[in-house]
Structure formats: structure tokens, C-alpha cells
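Numbering (full-length UniProt numbering) for the sequence shown: 1 to 299.
Comments concern the structure below.
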Amino acid sequence: MMTTVLFRFAINIGCGNEESKRADIAVHFNVRLPQCYVVRNTRLHDKWGSEETTAYRLFPFKLNRPFTVEVLVDEKETLWAVDGEHYCSYTHRNPSPLNATWVQVTGIRDAVLKIQKTDLYPTTGPPIFEIPLRPSISHSRNEDEPIWRPNVIAKLSNGITEGHQVVIYGRLRPTLHSFAVDLLDVAREWPRPNILAHANLRASADAQLGRQLVVLNACLGAWGPERRQRTARLVPAAHTTLRIVRGSGEWLFYADDVLIGELEFRASPNGVKALRLRGDLYPEEIFLCPSSTSPVQEK
1 MMTTVLFRFA INIGCGNEES KRADIAVHFN VRLPQCYVVR NTRLHDKWGS EETTAYRLFP
61 FKLNRPFTVE VLVDEKETLW AVDGEHYCSY THRNPSPLNA TWVQVTGIRD AVLKIQKTDL
121 YPTTGPPIFE IPLRPSISHS RNEDEPIWRP NVIAKLSNGI TEGHQVVIYG RLRPTLHSFA
181 VDLLDVAREW PRPNILAHAN LRASADAQLG RQLVVLNACL GAWGPERRQR TARLVPAAHT
241 TLRIVRGSGE WLFYADDVLI GELEFRASPN GVKALRLRGD LYPEEIFLCP SSTSPVQEK
């Protein structure tokens with residue numbers, strides 16, 4: 001939809017009588033410009049559920065600026081992309097949007113609505129670059145390397161061989177909340193790839209504690225058991241170096257040369273073909289190189 005937004009607008013996917021003010025709304029997507037956040041919710045029998053407001057990127061809407069929103073409904077979730085970049089997802093509740101009979105757009109001028117099947121999401125996303133290979137971690141950036149964007153998906157066509165590592169150097173958001181890095185079997189957002197290794201730093205969880213929570217997992221059709229530990233000490237607004245090392249039987253995660261977690265292989269490590277970075281780490285350099293040193297865990 002190419003639109004011009006007012007102070008707030010909503011996209012509703014609903015069931016039953018659309019004309020009724022009490023109709024069930026399976027998915028409610030409510031953009032609130034004054035507060036700079038987007039609410040997702042469900043209304044059943046005239047009662048709203050709990051609101052969701054978290055997103056993978058900064059608030060993308062501005063007053064009177066045209067934009068495109070893509071809404072994908074799959075078996076489990078509704079996914080939302082803004083201007084070609086994935087923004088957020090919303091797990092189906094009751095009623096499910098799979099049973100929806102209407103779509104409603106309010107608070108928007110000059111809206112164009114298209115409903116169609118798709119095999120790709122987002123359909124207008126940015127190009128997906130290959131992660132470059134460097135001789136060593138100390139080697140300077142090559143001029144032909146990509147300019148990386150936040151919330152990026154990048155290719156690892158030759159995978160990560162044993163004894164090699166992916167290095168992400170970037171700046172942390174001043175109001176650090178969380179970020180996640182995933183090793184995927186294919187470079188795409190949807191259909192959902194398998195996540196062979198997932199590391200999620202949650203700085204907002206019990207932020208008064210001295211160390212930040214790191215959650216490790218894998219998703220091979222469904223999420224497995226989590227490994228949780230408080231091992232990170234990242235400083236908001238500072239630059240940081242995150243490294244993912246392929247060991248002999250596990251993935252090792254380092255932040256500024258401190259080991260913050262290990263995850264045993266839950267699928268063949270040779271299946272890794274892409275990397276996805278989401279959240280409050282804004283990358284400036286991403287590259288692959290040999291892992292010639294192995295810093296020890298902080299005591």
C-alpha cells in the first residue's frame with residue numbers, strides 16, 4: 001500500500017460483520033505517530049487482549065511521508081514489512097486471521113490495497129550481500145565490501161568451515177534493549193529458514209544486574225531447549241565486536257574477546273548458508289576469517 005499517513009492509522013484483519021463496531025478483529029496493527037510505536041492486538045467478543053509493541057527496527061513512519069506496508073499471513077504468524085524491510089511479527093490468537101473475511105484500513109489518505117498470494121516476503125527487500133572473506137581478523141576492510149544496514153540478512157554461500165569465524169563490528173544503540181544473531185540454512189526472511197544457532201542478548205531483562213542475559217538456542221522446525229546465562233557486559237552507545245566461532249562440536253560466541261556462550265551443534269554445521277542480525281547492534285563491518293586465537297572465558 002502506498003499511502004500518506006495522518007497522526008495515527010490502523011490496519012485490521014477481521015471476522016464477521018465488518019459494519020459492526022463490535023466485530024472480531026484477528027489482527028489489529030495500530031501506528032501511533034505521537035508515541036512512535038506500533039500496537040498489535042486482537043479483539044474477541046468486544047474485548048481486547050494484551051498489546052504487543054516490540055519491533056526489530058526503529059519506528060519507520062513519518063508524518064505525510066509515503067510508504068509501503070506488506071502484510072503476510074502464514075500458518076502461525078502475521079508478518080509486517082515497511083518499505084521492503086521486515087518490521088515485526090504477531091503470533092496468531094483467537095480468532096485466527098486464517099479465518100478472516102475482511103481487511104480494513106483507517107486513518108490513511110490515498111491508500112492502494114492489493115491482496116494476493118506470494119512465495120516471497122518481503123517482495124521489495126534490499127539486496128542480499130555475500131559476507132566477505134578476510135585473511136585475518138586484523139586485516140583492513142576492503143574497498144569493495146558492502147555497506148551494511150541494520151537488521152541485515154547476508155549470505156554465507158560457502159558456509160563457516162571449522163576453525164573459522166564470523167566477525168560483526170558495530171555500534172550498540174544508546175538505549176540498548178536487545179539484539180539477536182542467527183545462523184540460517186538459507187538467506188531469506190520467509191518462508192521461515194531453519195536457525196542452526198541463535199544468540200539473543202537481552203539487556204532489558206533485569207537490567208539492574210551486573211551482567212546481561214544471553215539466550216542460546218536453535219530452531220529446526222520448532223525451537224529447542226534454551227541455554228540461558230548472564231555473561232555479557234556490553235556498554236550502550238559503544239562499539240563492540242561480536243564473534244561466532246565454529247569449534248569442533250559447538251558454536252562459540254564472543255563479545256569483545258569475552259566468551260559469552262557455547263551452543264552444541266544441533267544440526268550439521270555445514271548447513272549454515274546465511275546470517276541474520278536483528279535489533280540494537282548496528283553493523284559497520286561483517287566478515288569471515290580464520291579463528292587463530294581463542295580467548296578464555298572471563299572469570
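Virtual Cβ for every residue (Gly too), placed ideally from N, Cα, C.
Among the options, whose alpha-carbon lies nearest the alpha-carbon of residue i?
i, options, result
"T68", "S292, A222, P122 and W190", "P122"
"P225", "A55, A237, H198 and S204", "H198"
"R276", "D257, A237, E75 and W148", "W148"
"R109", "I137, F7 and L120", "F7"
"S268", "G279, L281, A255 and G249", "G249"
"A180", "V112, S96, I244 and Y37", "I244"
"R230", "S140, L263, L201 and P34", "L201"
"T118", "V71, E130 and I160", "V71"
"Q35", "E19, A111 and L58", "L58"
"residue 300", "I128, V215 and L183", "In the structure as shown, the chain begins at 1 and stops at 299. Residue 300 is therefore absent and cannot be evaluated."
"P191", "I13, R266, L79 and D256", "L79"
"R227", "V215, Y37 and C219", "V215"
"A255", "R233, P132, N12 and S50", "R233"
"L288", "G49, P132, W48 and D24", "P132"
"L196", "P126, I260, L220 and N17", "L220"
"N17", "F61, Q104, N142 and E145", "Q104"
"G271", "G247, S204, T161 and H177", "T161"
"A237", "E189, H177 and I260", "H177"
"Y212", "K62, I260, A154 and P146", "According to the sequence as given, residue 212 is Gln; it is not Tyr. Checked all of K62, I260, A154 and P146; the closest Cα to Q212 is I260."
"E262", "W223, N217 and K273", "N217"
"A23", "L120, T42, D144 and G247", "T42"
"R32", "T106, I13, A81 and L120", "T106"
Going by beta carbon distance, what residues of the same chain come within less than 6 Å of residue i, once the five residues before and after it are set aside?
i, result
"T124", "G84"
"G170", "L281, Y282, P283 and E284"
"E52", "R40"
"I168", "L242, P283 and I286"
"N30", "A10 and V39"
"V73", "P97"
Should residue i be labelled buried (16 or more other beta-carbon atoms within 10 Å of its own) or exposed?
i, result
"D46", "exposed"
"G210", "exposed"
"C88", "buried"
"residue 360", "With the chain covering 1 to 299 only, the question about residue 360 has no answer from this structure."
"Q208", "exposed"
"H28", "buried"
"W251", "buried"
"E19", "exposed"
"T101", "exposed"
"P295", "Because P295 sits at a pLDDT of 47, beneath the cut-off of 50, its placement in the model cannot be relied upon, and the following sentence gives the value as read from the coordinates. Result: exposed."
"E264", "exposed"
"G49", "exposed"
"E298", "In this prediction, E298 has a pLDDT of 47, which is less than 50 and means its spatial position is unreliable; nothing more can be read from the coordinates."
"P174", "exposed"
"R65", "exposed"
So the beta strand (DSSP E) residue i belongs to, where does it begin and stop?
i, result
"G261", "V258 to E264"
"Y282", "L281 to P290"
"I137", "Where I137 is concerned, there is no enclosing beta strand (DSSP E), given that its DSSP letter is neither H nor E."
"Q229", "R227 to A232"
"K62", "That residue, K62, is in no beta strand (DSSP E); it is neither H nor E in DSSP."
"D24", "D24 to R32"
"R202", "I195 to R202"
"N217", "Q212 to C219"
"E250", "E250 to A255"
"W80", "E77 to V82"
Which of the three DSSP states is assigned to residue i in this structure?
i, result
"P127", "coil"
"R8", "strand"
"residue 300", "The structure shown does not extend to residue 300, since the chain is modelled only from 1 to 299, so the question has no answer here."
"K299", "In this predicted model, K299 has a pLDDT of only 43, less than 50, meaning its place in the structure is not dependable; the value taken from the coordinates is given anyway. Coil."
"N142", "coil"
"G16", "coil"
"N99", "helix"
"N94", "coil"
"G107", "strand"
"G271", "helix"
"D182", "strand"
"C36", "coil"
"V71", "strand"
"K47", "strand"
"Q208", "coil"
"R243", "strand"
Ignore the nearest five residues each way along the sequence and tell me which others in residue i's own chain have a CB closer than 8 Å to its CB.
i, result
"N99", "C15 and A26"
"Y56", "H86, Y87, C88, N151, R278 and G279"
"P126", "G84, E85 and R149"
Apart from the five residues just before and just after residue i, which ones in its own chain have a Cβ nearer than 7 Å to its Cβ?
i, result
"T91", "K76 and E77"
"P290", "S136, G163 and H164"
"N94", "L44"
Would you say residue i faces chain B, with C-beta separation under 8 Å as the test?
i, result
"P60", "This model lacks chain B altogether, as it is built from one protein chain only."
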